[in-house]
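Just so we're aligned, residue 60 is where the sequence shown starts under the working numbering, counting upward by one.
Beneath this line is the structure, given in structure tokens, with notes to follow.
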Amino acid sequence: MENADTEVLNQLTRWVEAGQMAWLCTVVKTWGSSPRPIGSLLCCNDEGHVAGSLSGGCIEEDLLERLKDGKLATEKPELLIYGATDEEVERFQLPCGGQLHVVIEPMADKKHLPALKQIVNRLATRECIERTLDVATGDMQVEEKERFKHLTFVGDFENNDNEGKTLTQTYGPRFQLFLIGAGQVSMYLAQFAQALDYHVVVCDPREDMIEQWPIEGVQLINDMPDDAVRANANDHFSAIIALTHDPRIDDMGLMEALKTEAFFVGAMGSTRTSAKRRERLEILDLTKEQIARLHGPVGLPIGSKTPAEIAIAILGQLTALRSAKKEEAQSADFREVAAG
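Here you go:
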């Protein structure tokens, strides 16, 4: 299963490669409450097929109406503002005060195909890549990146002259949840995490546990967790959580996980169990800084008892952390743009 952005970019690439007329739409700015965040993608082709979304459906319908009426640009990018008037807010069912600024790029021929293929190939290896669009000409450049950066749009969106306007967006891989142990909590976590667009990996060296795994759409690894973590979860888009309650398995995975670039490392257990785990990790030659990265007991303190409740607490903690990091990164990007 792909995440939403990767699905859009892969579909767009297939259409362009097949010689179909296609458009890529990107949300570059929002005001007030908006149904989709900045950077959201949608693509459509001349047959009216769509991948991705920009809103709850009304803006998508308007784009298809424009396509049907021949009103979508076919040579150079165009800029559209949705929700500029009260009438539009009501028509497009935007939240009160909501407004979307959208860049629409026509892909009329195969000149963009090499860049699109470079993007999707980079994402397939779980790496970041940055694309810069010259809005006036429609030309694009791509550059491989180590880190994710938030979208930037340079220029006055409402000015009809597009000269000097650029859109720069980094595309990154799907967030991954790497679970050590194939027990009940992992089963609930896998289901809930898939609904939140995570790629889920379950690793368990116990063959019978892997054989009995019932949840579809999950990558299963029957191997020792340290080797599996090293090979599959060493990037900024991975969260690693130990859930077996067996120190012989959990500790091996955590020993490796705390050395990776994973944005989150956690382990299930009581406060007492977590304290003993930290003592064992110290013996395994991990530094205090590495051990301090461990979230344990993992999950928000919501009084969870059942496997499903524990899974909710864990995903709540992951969601809160990702939201905080997103706000921090957006502030850093803003300061960088302002200083530059």
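Backbone N, C-alpha and C define an ideal beta-carbon position, used for all residues, glycine too.
Just to confirm the assignment: which complete beta strand (DSSP E) runs, minimum length 3, are found wholly within the region 273-308? 278-280, 297-301
I need the boundaries of the alpha helix (DSSP H) containing residue 173, first residue and last residue. 172-183
Evaluate residue 393 with the Cβ neighbour count: other Cβ atoms within 10 Å of its Cβ, from every protein chain shown; 16 or more gives buried, anything less gives exposed. Here the model assigns residue 393 a pLDDT of 44, short of 50, so the residue's position is not dependable, and the following value carries that caveat. By the 10 Å Cβ count, residue 393 comes out exposed.
Can you name, in chain order, every residue of its own chain whose Cβ lies under 7 Å from the Cβ of residue 242, other than the five neighbours on each side? 302, 303
Looking only at DSSP bridge pairs, what is residue 374 linked to? For residue 374, which the question treats as bridged, DSSP gives no partner whatsoever.
Residue 341 versus residue 325 - alpha carbon distance: 16 Å
Looking at residue 82: is its Cβ nearer than 9 Å to the Cβ of residue 140? no
Distance, residue 205 Cα to residue 68 Cα: 20 Å
Between residue 175 and residue 208, what straight-line distance do the alpha-carbon atoms span, to the nearest angstrom? 19 Å
Which residues in the same chain have their Cβ closer than 7 Å to the Cβ of residue 317, if we skip the five residues on either side of it in sequence? 324, 345, 349, 350, 352, 353
For residue 104, count the other beta carbons within 10 Å of its own beta carbon; 16 or more makes it buried, fewer makes it exposed. Which is it? buried
Specify, as a first and last residue, the run of the beta strand (DSSP E) that residue 190 falls within. 187-193
Using beta-carbon positions only, say whether residue 111 and residue 167 come within less than 9 Å of one another. no
Run the CB neighbour count on residue 370, radius 10 Å, all protein chains shown included, and call it buried at 16 or more, exposed below. buried
Can you give the Cα-Cα distance for residue 125 and residue 86, rounded to whole angstroms? 17 Å
Distance check for residue 307 and residue 279, CA to CA, integer angstroms please. 20 Å
Tell me, please, whether the region 230-248 touches the region 178-198 by the rule of three or more beta-carbon pairs shorter than 8 Å. yes
So, under 8 Å CB-CB, residue 252 and residue 236 are touching, yes? Tell me the CB distance rounded to an integer number of Å. 5 Å
Identify every residue that forms a DSSP beta bridge with residue 366. Answer by DSSP bridge pairing: none, since residue 366 is not bridged.
Return the chain-ordered list of same chain residues with a C-beta closer than 8 Å to the C-beta of residue 131, the five sequence neighbours on each side being excluded. 82, 122, 125, 137, 163, 165
C-alpha gap between residue 398 and residue 161, whole angstroms: The pLDDT assigned to residue 398 is 49, lower than 50, so where the model puts this residue is not dependable; a value taken from the coordinates is nonetheless given after this. Rounded to whole angstroms, residue 398 to residue 161 spans 26 Å at the Cα level.
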